[in-house]
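A.B. asks: One structure is given below, represented as structure tokens, and several questions about it will come after.
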Amino acid sequence: VMVPSTSTRKQLIEHGLPAEKTKPLPRWVDTRRFTPSVRDEDFWRDYGIADVTKFLYVGRVSREKNLELLADAFRDVLQTGVAAHLVIIGDGPYRKEMEEKLRGCPATFAGFLEGDDLSRGYASSDVFVFPSATDTFGNVVLEAQASGLPVIVSDEGGPKELMRDGVT
């Protein structure tokens, strides 16, 4: 059984799968596509976003991604006086609720981006945030890291395995 993370492997073993029947699923990202070199200072201006700290989330906009926590945390950041903007790339069933929760906040829902636009969206942001505690891996975390962004993830699930505190 190919497993995407150590935490997934542990869960499967706890449910009775013999450890020797598991093997890590190799993951990678195209570092020619996801790279800091495609940063474009004007990219987000086309979306009406000023020259502020851009916090980026990429993925499905759904409740299980813990986006309510992200919205609350972003509101807390704004209350400290930091000039920031939250950018959401992706779409999903929680979008309308999240838009409502962030009403009055500097937040942009960019919808789906792909290809060069997605690469430039990552590299032209400042901090990547991924609050999901249920993801088994989170390839978007690798894409953000390859794009040169500092990354904040939940302390649960597979994405935390991609982090080294104070290093990544």
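With positions in the sequence shown counted from 1, the corresponding number in the working numbering is that position plus 380.
Using N, Cα and C, we set each Cβ at its ideal position, and we do this for glycine too.
This one's a predicted model, so the numbers in the text were calculated from it and none came from an experiment.
1. For SER527, is the classification buried or exposed, using 16 other Cβ atoms within 10 angstroms of its Cβ as the cut-off for buried?
2. By the DSSP assignment, the alpha helix (DSSP H) with GLY501 in it spans what residues?
3. Which of helix, strand or coil does DSSP assign to LEU522?
4. From ARG475 to ASN446, what distance separates their C-alpha atoms?
5. With C-beta atoms as the reference, is ALA513 less than 8 Å away from GLU536?
6. DSSP three-state call for ALA451: helix, strand or coil?
7. Could you check how far apart the C-beta atoms of LYS401 and MET382 are, in whole angstroms? I think they sit under 8 Å.
8. Helix, strand or coil for VAL418, going by three-state DSSP, please let me know.
9. Give the DSSP-derived three-state secondary structure of THR388 in the structure shown.
10. Where does ASP496 land, buried or exposed, given buried means 16+ other C-beta within 10 angstroms?
11. Is the separation between the beta-carbon of ILE468 and that of ALA490 shorter than 8 Å?
12. Based on the DSSP secondary-structure assignment, which residues constitute the bridge partners of LEU466?
C.D. replies: To lay it out plainly:
1. Locating residue 527 in the sequence shown gives position 147, counting from the first residue. Note on SER527: 16 or more other CB atoms within 10 angstroms of its CB, so buried under the neighbour-count rule.
2. Taking the sequence shown and counting its residues from 1, the one referred to as residue 501 is at position 121. Segment 495-503, the alpha helix (DSSP H) holding GLY501.
3. By one-based count along the sequence shown, residue 522 stands at place 142. LEU522 falls in the helix class under three-state DSSP.
4. On the sequence shown, residue 475 is found 95 positions in, with the first residue counted as 1. On the sequence shown, residue 446 is found 66 positions in, with the first residue counted as 1. Approximately 12 Å between the Cα atoms of the pair.
5. Mapped onto the sequence shown, residue 513 falls at position 133. Mapped onto the sequence shown, residue 536 falls at position 156. Yes, they are a contact pair.
6. Taking the sequence shown and counting its residues from 1, one reaches residue 451 at position 71. In the three-state reduction of the DSSP assignment, ALA451 falls in the helix class, which pools H, G and I.
7. Against the sequence shown, residue 401 aligns to sequence position 21. Against the sequence shown, residue 382 aligns to sequence position 2. Wrong, their Cβ atoms sit about 10 Å apart, outside the cutoff.
8. Within the sequence shown, numbered from 1, the residue matching residue 418 stands at position 38. Helix, per DSSP.
9. Translated into the one-based positions of the sequence shown, residue 388 becomes position 8. Here THR388 sits in helix by DSSP.
10. Residue numbering aside, residue 496 sits at position 116 when the sequence shown is read from its first letter. With fewer than 16 neighbouring CB atoms inside 10 Å of its own CB, ASP496 falls in the exposed class.
11. The residue you call residue 468 lines up with position 88 of the sequence shown. The residue you call residue 490 lines up with position 110 of the sequence shown. In this structure, ALA490 lies closer than 8 Å to ILE468 by Cβ.
12. The residue you call residue 466 lines up with position 86 of the sequence shown. In DSSP, LEU466 forms a bridge with PHE435, ALA487.
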